[in-house]
Amino acid sequence: MELTRRHFLKLGTAGAFFSSLGFDLRPAMAEAKGLKISRTSETRSTCPYCSVSCGVIIHTLGDRAANVTPTVVHVEGDPDHPINRGTLCPKGASLRHYVINDRRLTKPLYRPPGAAHWHEVEWDFVLTEIARHVKDTRDRTFQSRDEKDRIVNRTLGMAAIGGCTDTSEMNFLLVKTMRALGVVYLDQQSRL
Ligand code: SF4
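All residue numbers in the sequence shown are consecutive under my numbering, ending with 565.
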């Protein structure tokens, strides 16, 4: 059950009432809290919102059968993660709504030159377009030598920046790929 503000106030009032009669509600509360994640599978991940990169555990309900659509029911801080030790800021604590959100894009959008609207396209089309633009830009802007005739083999026509959830291994590959293309303007979390 989703805990709304109204439910919260009701529970608080009922809790105070039963506590005043001498009942200890803590075991019942602990049991109710446990039920929410008792049948979930846990996936460790990284909060995508900022460069702190806190570790999170994503709880997914669904028995991994082919005819079941898994649903994320809870996201919490990872207590074993060295950065945040289980804590999350309010943005990280709301991560479930980042996953379960009917406004979330699930397919690439494309707006052709001169068009006023975006429309959904397939990944094959997007990747081909990106590759074509990278190739065209590099061919057009590549410099073998600078103004003092020093060998530079670079392009100043492109830049690359990594995201905060990219791992060091992914950043290593990003840097290798971009340097191979001659990209100079480059930054990512690992600062390689
Ligand atoms: S939980 Fe907050 S501090 Fe941690 S990575 Fe996410 S946004 Fe940054």
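Think of the CB as a built atom: it goes at the ideal place given N, C-alpha and C, for glycine as much as any other residue.
Cβ-heavy atom distance between residue i and the ligand SF4 below 7 angstroms?
i: Gly465; result: yes
i: Val425; result: yes
i: Tyr422; result: yes
i: Asn457; result: yes
i: Leu500; result: no
i: Leu461; result: yes
Measure the alpha-carbon distance for residue i versus residue j and round it to whole angstroms.
i: Ala489; j: Leu559; result: 31 angstroms
i: Ala533; j: Arg399; result: 52 angstroms
i: His454; j: Asn474; result: 26 angstroms
i: Ala466; j: Glu449; result: 7 angstroms
i: Val425; j: Phe396; result: 43 angstroms
i: Leu468; j: Phe545; result: 27 angstroms
On the DSSP letters alone, give me the boundaries of the beta strand (DSSP E) that residue i sits inside.
i: Glu520; result: Premise fails: Glu520 is in no beta strand (DSSP E) and is neither H nor E.
i: Glu542; result: Looking at the DSSP string, Glu542 is not in any beta strand (DSSP E); the run it does join, the alpha helix (DSSP H), is 541-554.
i: Val446; result: 444-450
i: His432; result: 428-434
Quick check on the DSSP output: the alpha helix (DSSP H) that includes residue i runs from which residue to which?
i: Leu465; result: Checking the sequence shown, residue 465 turns out to be Gly, not Leu. Run containing Gly465: 463-466, per the alpha helix (DSSP H) assignment.
Have a look at the options and flag the residue whose alpha-carbon is nearest the alpha-carbon of residue i.
i: Pro486; options: Asp497, Glu502, Lys480; result: Glu502
i: Val556; options: Met543, Val525, Gly536; result: Val525
i: Ser563; options: Arg552, Gly536, Val507; result: Gly536
i: His432; options: Thr479, Ser411, Pro463; result: Ser411
i: Thr510; options: Leu529, Glu493, Val446; result: Leu529
Which of helix, strand or coil does DSSP assign to residue i?
i: Ala532; result: strand
i: Val494; result: coil
i: Tyr471; result: helix
i: Leu408; result: helix
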